[in-house]
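Enquirer: Take this structure first; my questions come after.
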Amino acid sequence: MALNVLGLVGIIIFYLLILGIGVWAAWKKKGNKSENGLSNGEEATERDETEEVILAGRSLGLFVGAMTMTATWVGGGYINGTSEYTSTVGLIWVQAPWGYALSLTVGGLLFAEKMRSRKYVTMLDPFQEKYGSRVGGLMYIPALLGEIFWSGAILSALGASISVVVNVIDNTTAITVSAAIAVLYTFVGGLYSVAYTDVVQLICIFVGLWLTIPFALTHSAVSSITTSKKTWIGEWDSKFTGVWLDSALLLIFGGIPWQVYFQRVLACKTSKQAKYLSFSASFGCIVMAIPAFLIGAIATATDWSATDYDKHTNGTLGAEDNSRVLPLVLQYLTPSAVAFIGLGAVSAAVMSSADSSILSASSMFARNVYKLILRPKVE
Numbered sequence: 001m002a003l004n005v006l007g008l009v010g011i012i013i014f015y016l017l018i019l020g021i022g023v024w025a026a027w028k029k030k031g032n033k034s035e036n037g038l039s040n041g042e043e044a045t046e047r048d049e050t051e052e053v054i055l056a057g058r059s060l061g062l063f064v065g066a067m068t069m070t071a072t073w074v075g076g077g078y079i080n081g082t083s084e085y086t087s088t089v090g091l092i093w094v095q096a097p098w099g100y101a102l103s104l105t106v107g108g109l110l111f112a113e114k115m116r117s118r119k120y121v122t123m124l125d126p127f128q129e130k131y132g133s134r135v136g137g138l139m140y141i142p143a144l145l146g147e148i149f150w151s152g153a154i155l156s157a158l159g160a161s162i163s164v165v166v167n168v169i170d171n172t173t174a175i176t177v178s179a180a181i182a183v184l185y186t187f188v189g190g191l192y193s194v195a196y197t198d199v200v201q202l203i204c205i206f207v208g209l210w211l212t213i214p215f216a217l218t219h220s221a222v223s224s225i226t227t228s229k230k231t232w233i234g235e236w237d238s239k240f241t242g243v244w245l246d247s248a249l250l251l252i253f254g255g256i257p258w259q260v261y262f263q264r265v266l267a268c269k270t271s272k273q274a275k276y277l278s279f280s281a282s283f284g285c286i287v288m289a290i291p292a293f294l295i296g297a298i299a300t301a302t303d304w305s306a307t308d309y310d311k312h313t314n315g316t317l318g319a320e321d322n323s324r325v326l327p328l329v330l331q332y333l334t335p336s337a338v339a340f341i342g343l344g345a346v347s348a349a350v351m352s353s354a355d356s357s358i359l360s361a362s363s364m365f366a367r368n369v370y371k372l373i374l375r376p377k378v379e
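Start counting the sequence shown at 1; every next residue gets the next number (full-length UniProt numbering).
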């Protein structure tokens with residue numbers, strides 16, 4: 001298939017926009033650095049350059065904080081996975097939205113306020129405070145591995161989406177360019193750049209996904225989603241109860257010990273805001289999953305043999321394309337312009353999580369490994 005030039009141009013414009021916002025946020029930080037005071041009785045002398053980059057000077061308000069927290073959780077794997085599981089095994093097994101929402105709620109109730117009030121810089125600080133720098137620093141290894149695997153999953157979702165909608169661009173190129181841009185603006189502005197780009201990216205995700213739904217629903221190959229509700233709701237099999245509970249507990253409690261979460265909690269202006277931030281993001285995770293769920297339901301009500309999709313099997317998607325449900329709906333059930341906007345939503349979702357993982361892993365290394373273990377005497 002030939003390269004879709006219009007789609008490629010649209011993606012380039014989107015990436016330049018995000019990069020520009022990231023650089024602007026970094027410039028804004030430097031311009032206002034001398035004017036911004038710390039809240040909650042903290043002295044300005046305590047705010048060294050490292051904390052400025054990692055925690056944005058503890059200056060995040062509730063709105064920006066909730067937006068960046070939500071955008072971090074709502075990654076490419078989140079929306080692609082929600083659509084995939086809805087269309088293949090049903091809503092019963094779509095656990096990530098409510099699992100992450102409960103995770104944020106539990107984190108807000110038990111940890112957010114306490115962590116912020118003690119003025120920690122990363123989630124590893126209390127471990128090093130309790131067990132010493134070296135033993136506590138070992139916690140960086142599982143944290144780093146988690147960030148690597150998480151980043152791989154979300155970047156893979158982007159590569160699959162771009163390769164479908166833009167055609168001949170391969171996954172590796174799409175992933176490399178996206179990751180490079182996220183690294184660039186994160187390097188320039190730290191959490192300031194990440195937070196402000198997250199706000200724009202979350203808006204892009206919300207608008208982009210909702211825009212595709214009316215076009216997909218009214219496509220001639222799509223029947224009412226009520227006709228396929230047995231598929232997208234799913235069927236409960238009691239023999240998988242243990243697996244279901246295991247996955248649920250993993251999402252709820254495994255979603256708490258993430259630096260990307262505590263980075264935003266610790267960057268809040270006050271301890272109370274840190275708690276409310278978690279609750280707001282919990283609600284945001286549920287809301288942002290709705291359009292992805294609807295896209296998955298639409299896929300189950302589609303006669304794919306009546307579209308230009310060339311791998312149909314009795315009007316259904318081929319098993320090898322289950323993981324690409326969302327980009328395939330964009331490609332075959334919406335006009336090209338709408339598909340590109342939807343692809344921008346996927347790109348935004350990926351970058352909003354990728355930049356957070358990059359900053360998270362580097363923050364823990366800089367403070368908990370380099371500063372507190374390798375060079376403890378360096379100020």
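A virtual CB, placed ideally from N, CA and C, is assigned to each residue, including glycine.
Is Thr334 helix, strand or coil when you go by DSSP?
Expert: Correct three-state label for Thr334: coil.
Enquirer: Please report the residue range of the alpha helix (DSSP H) in which Val243 lies.
Expert: That run of the alpha helix (DSSP H) goes Thr241 to Gly254.
Enquirer: Would you mind reading off the limits of the alpha helix (DSSP H) that contains Cys285?
Expert: Start and end: Ser271 to Thr300.
Enquirer: Should Val53 go down as buried or exposed, given a rule of 16 or more other Cβ atoms within 10 Å for buried?
Expert: So Val53 ends up on the buried side.
Enquirer: Closest to Ile358 by C-alpha separation, out of Ile213, Arg58, Ser193 and Thr218, would be which residue?
Expert: Answer by Cα proximity: Ser193.
Enquirer: Would you tell me roughly how many angstroms separate the C-alpha atoms of Ala173 and Ala182, rounded to the nearest one?
Expert: One point to set straight first is that residue 173 is Thr, not Ala, in the sequence displayed. Cα-Cα distance, rounded: 14 Å.
Enquirer: Measure the CB-CB distance between residue 404 and Ala281 and report whether it falls below 8 Å.
Expert: An answer regarding residue 404 cannot be provided, because it is not within the stretch 1 to 379 covered by the chain.
Enquirer: Roughly how many angstroms separate the alpha carbons of Ser352 and Phe127, rounded to a whole number?
Expert: Distance between the alpha carbons of Ser352 and Phe127 is about 28 Å.
Enquirer: Contact defined as beta carbons within less than 8 Å: I believe Ala157 pairs with Val329. What is the distance between those atoms, to the nearest angstrom?
Expert: Between Val329 and Ala157 the Cβ distance is about 14 Å, and since that is not below 8 Å, they are no contact.
Enquirer: Do the segment 292 to 301 and the segment 131 to 143 meet, that is, are 3 or more Cβ pairs less than 8 Å apart?
Expert: No, they do not touch.
Enquirer: Taking its Cβ as the centre, do 16 or more other Cβ atoms sit within 10 Å of Ser360, making it buried, or is it exposed?
Expert: Answer is buried; the Cβ neighbour count reaches 16.
Enquirer: Leaving out five residues before and five after Leu209 in sequence, what residues of the same chain have Cβ atoms less than 6 Å from its Cβ?
Expert: Pro291 and Ala345, listed in sequence order.
Enquirer: Is it the case that the Cβ atoms of Ala354 and Leu155 are separated by a distance below 8 Å?
Expert: For Ala354 and Leu155, yes; Cβs fall inside 8 Å.
Enquirer: Taking all protein chains shown into account, do 16 or more other C-beta atoms lie within 10 angstroms of the C-beta of Thr82, making it buried, or fewer, making it exposed?
Expert: So Thr82 counts as buried.
Enquirer: What residue does the alpha helix (DSSP H) around Ile175 start on, and which one ends it?
Expert: Ile175 -> alpha helix (DSSP H) spans Asn171 to Leu217.
Enquirer: To the nearest whole angstrom, what separates the beta carbons of Thr197 and Ile18, a pair I think is in contact under 8 Å?
Expert: Thr197 to Ile18, Cβ: 5 Å. Contact.
Enquirer: For Thr68 versus Arg367, is the C-beta distance shorter than 8 Å?
Expert: In this structure, Arg367 does not lie closer than 8 Å to Thr68 by Cβ.
Enquirer: According to DSSP, what are the bridge partners of Val222?
Expert: Answer by DSSP bridge pairing, in chain order: Thr302.
Enquirer: Under 8 Å, do Thr307 and Leu333 count as touching if we go by C-beta distance?
Expert: Closer than 8 Å, so yes.
Enquirer: Determine contact between the segment 92 to 102 and the segment 233 to 246, defined as no fewer than three beta-carbon pairs at a distance below 8 Å.
Expert: In short, these stretches touch, since the Cβ pair count reaches three.
Enquirer: Runs of 3 residues minimum, wholly inside the segment 342 to 374: which ones carry the beta strand (DSSP E) assignment?
Expert: You should have found no qualifying run.
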